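Asker: Got a structure for you, written out below as structure tokens; questions coming shortly.
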């Protein structure tokens, strides 16, 4: 592979790194809130310092926007990248099928998280908070594993075939 091909494929890793950074920030905020270590002003200040907040301020809450960003990212992969990979390299068909199945699981967890957050807004108690945290942690674990697998399995192929 050429350096240009490698750089092209690594663009996916750059996107995942951006998503991982924001997922980590959200996770840390949840941990601090769960431990009662921060007051609302400190949480607000930290959230406002996140790069993606500036772009999303007029569109809704940060967790909802992060979930929407993941959904858009996966939609692009499902509709453009994965079909192109399958056409160019039939050997990657099983990999693509696994990634698509993981996308479905991610989106199920996102829907569950949105429901849990709505419930938390209506019933601001420890039980509802812990339920939302549990779902967030499951989503976080799946996303981090998914990003690693996807990078290991398809980055070189994306660059080699000029798909990205």
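Numbering (the working numbering), first residue to last: 2 to 165. Cβ coordinates follow ideal geometry from the N, Cα and C atoms, glycine included. Keep in mind it's a predicted model, so treat the numbers as computed, not measured.
(1) Between which residues of its own chain and residue 16 is the CB-CB distance below 8 Å, once the five residues before and five after are set aside?
(2) Does the separation of the CB atoms of residue 110 and residue 70 fall below 9 Å?
(3) Closest to residue 79 by CA distance: which of 101, 115, 91 and 67 is it?
(4) Taking the beta carbon of residue 132 as the centre, do at least 16 other beta carbons fall within 10 Å, making it buried, or is it exposed?
(5) Spatial neighbours of residue 2 within its chain, please: CB distance less than 7 Å, with the 5 preceding and 5 following residues excluded, ordered by chain position.
(6) For a quick check, are the C-beta atoms of residue 155 and residue 93 less than 9 Å apart?
Answerer: If we stick to the structure as given:
(1) Cβ contact annotation for residue 16 (same chain, cutoff 8 Å, sequence separation greater than five): 74, in chain order.
(2) Not in contact: residue 110 and residue 70 (Cβ atoms no closer than 9 Å).
(3) 101
(4) buried
(5) 157, 160 and 161
(6) yes
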